[in-house]
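All residue numbers for the sequence shown refer to my numbering, where the first residue is 35 and numbers rise by one.
Note that the Cβ used here is the ideal one computed from N, Cα and C, for glycine as well.
The model shown is predicted, which means the values in this text are computed figures rather than measured ones.
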Amino acid sequence: MHTISYRLLNTAVYFEMYSRDRTTGAVLRFYQEVIRHPYLNCNVLIVPPPNGWNSINIQRKNQTVLDLLRHLPYLRPEKQYERLLVHWETIPICYCDNKNDWEIYPLPAYCVYLTHSLDREGTSLILDTNEGTIIEFSHIGSHITVPYEEYEALPDADKWKAHRTSPIAEFLDSWTRRYEKLVWMIVPNPISQPTTGRFYSRAETSAEEEELVRQEKLTPWHFQDDISHHGDENESELDREQRRTRVRERKHVAVGWTARTHYGG
Numbered sequence: 035m036h037t038i039s040y041r042l043l044n045t046a047v048y049f050e051m052y053s054r055d056r057t058t059g060a061v062l063r064f065y066q067e068v069i070r071h072p073y074l075n076c077n078v079l080i081v082p083p084p085n086g087w088n089s090i091n092i093q094r095k096n097q098t099v100l101d102l103l104r105h106l107p108y109l110r111p112e113k114q115y116e117r118l119l120v121h122w123e124t125i126p127i128c129y130c131d132n133k134n135d136w137e138i139y140p141l142p143a144y145c146v147y148l149t150h151s152l153d154r155e156g157t158s159l160i161l162d163t164n165e166g167t168i169i170e171f172s173h174i175g176s177h178i179t180v181p182y183e184e185y186e187a188l189p190d191a192d193k194w195k196a197h198r199t200s201p202i203a204e205f206l207d208s209w210t211r212r213y214e215k216l217v218w219m220i221v222p223n224p225i226s227q228p229t230t231g232r233f234y235s236r237a238e239t240s241a242e243e244e245e246l247v248r249q250e251k252l253t254p255w256h257f258q259d260d261i262s263h264h265g266d267e268n269e270s271e272l273d274r275e276q277r278r279t280r281v282r283e284r285k286h287v288a289v290g291w292t293a294r295t296h297y298g299g
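Okay, here's the thing in structure tokens:
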């Protein structure tokens, strides 16, 4: 039997203690930046009353996690069938409906999912209230902290423990800055499926993204358009219209939003 403790994987790293207020503040800053992008109405962001959400009572969680969930802001879809987006194939979780079926793999009582992956390339962000950290859990094994052979030998239910861990506020603020500096962008998905938005990045790696965040002037957007198929005789009218819509959106991103960055309008 293979067992692993993700705390042992990070013994050389020292994290700040968990703070509910720092955590809720970091989540709020992140969501506020996400809704500035041209894909969500501002009313999808819901903020708890001073005493928290009274309706939240998730099972199998300790009081620290429940207290956090009752004071978190949430992105709540306007329609029941909608799935919002905050990163590539990554969906924010709203606990106001008291659902806790996001746990594909059970977590300890002191941990809770902030996001869940739509598909294998998405990221399930796990908040650890004991350590004050976020674990970046990906089904394809991105950001693992053990050798790949050891990772593959782990039971599926334990693999989340072997992923990169960061202080909560530090991690969320890094995502916030990427949206703030327009290194990342989400635009409306014209067909609204499987998510309401489409995620774009100016870079292919985290290191490139960090470098762009530090730059004063943004580089042009690089898109992998399917324009090369515009002459495809087998292209349906629906596919053609969706392609045209994507082109219009991307021109808006490349021109309108870059101009807004430089001129502050």
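Let me make sure I understand the geometry here. Which of the options has the alpha-carbon closest to that of residue i?
{"i": "valine 99", "options": "Glu186, Trp194 and Thr167", "result": "Thr167"}
{"i": "alanine 60", "options": "Asp190, Ala191, Ile69 and Ile202", "result": "Ile202"}
{"i": "leucine 103", "options": "Pro82, Glu116 and Glu123", "result": "Pro82"}
{"i": "proline 142", "options": "Cys128, Asp101, Trp122 and Lys95", "result": "Lys95"}
{"i": "threonine 179", "options": "Phe205, Ala187 and Ala196", "result": "Ala196"}
{"i": "serine 53", "options": "Leu106, Asp190 and Asn75", "result": "Leu106"}
{"i": "serine 240", "options": "Pro228, Pro224, Gln227 and Val217", "result": "Val217"}
{"i": "threonine 229", "options": "Glu214, Glu112 and Thr58", "result": "Glu112"}
{"i": "proline 222", "options": "Ala187, Ser200, Glu245 and Leu118", "result": "Leu118"}
{"i": "histidine 71", "options": "Gln227, Glu214, Pro224 and Val247", "result": "Glu214"}
{"i": "glutamate 238", "options": "Glu184, Trp122, Pro181 and Asn164", "result": "Trp122"}
{"i": "isoleucine 174", "options": "Lys193, Ile160 and Val247", "result": "Lys193"}
Leaving out five residues on either side along the sequence, give the residues of the same chain with a beta carbon under 6 Å from the beta carbon of residue i.
{"i": "serine 172", "result": "Thr157"}
{"i": "tyrosine 234", "result": "Met219"}
With a CB to CB cut of under 8 Å and the five nearest residues on each side skipped, what residues in its chain are close to residue i?
{"i": "cysteine 130", "result": "Ile80, Trp87, Ser89, Ile90, Tyr108 and Arg110"}
Are the CB atoms of residue j and residue i within a distance shorter than 9 Å?
{"i": "valine 120", "j": "valine 78", "result": "no"}
{"i": "isoleucine 169", "j": "arginine 211", "result": "no"}
{"i": "aspartate 190", "j": "tyrosine 115", "result": "no"}
{"i": "glutamate 244", "j": "arginine 236", "result": "no"}
List the DSSP bridge partners of residue i.
{"i": "valine 146", "result": "Leu161"}
{"i": "serine 151", "result": "Thr124"}
{"i": "isoleucine 138", "result": "Answer is none; isoleucine 138 lacks a bridge partner."}
{"i": "phenylalanine 171", "result": "Ser158"}
Taking 8 Å as the cut-off, is the beta-carbon of residue i closer than that to any non-hydrogen atom of the ligand ZN?
{"i": "asparagine 91", "result": "Among the ligands in the structure shown, none appear at all, so the ligand ZN cannot be discussed."}
Only counting the same chain, and skipping five residues up and downstream in sequence, which positions put a Cβ closer than 7 Å to that of residue i?
{"i": "isoleucine 127", "result": "Trp136, Tyr147, Leu148, Thr149 and His150"}
{"i": "proline 84", "result": "none"}
Worksheet item: Enumerated in chain order, which unbroken segments of the alpha helix (DSSP H) with a length of 4 residues or greater are wholly contained in the segment 67-129?
Response: Listed in chain order, the complete alpha helix (DSSP H) runs (minimum 4 residues) inside the segment 67-129 are 97-105.
Discussion item. Going residue by residue through the segment 186-234, where are the continuous beta strand (DSSP E) segments of at least 3 residues, counting only ones entirely within it?
Written reply: Fully enclosed beta strand (DSSP E) runs of 3 or longer: 199-201 and 218-222.
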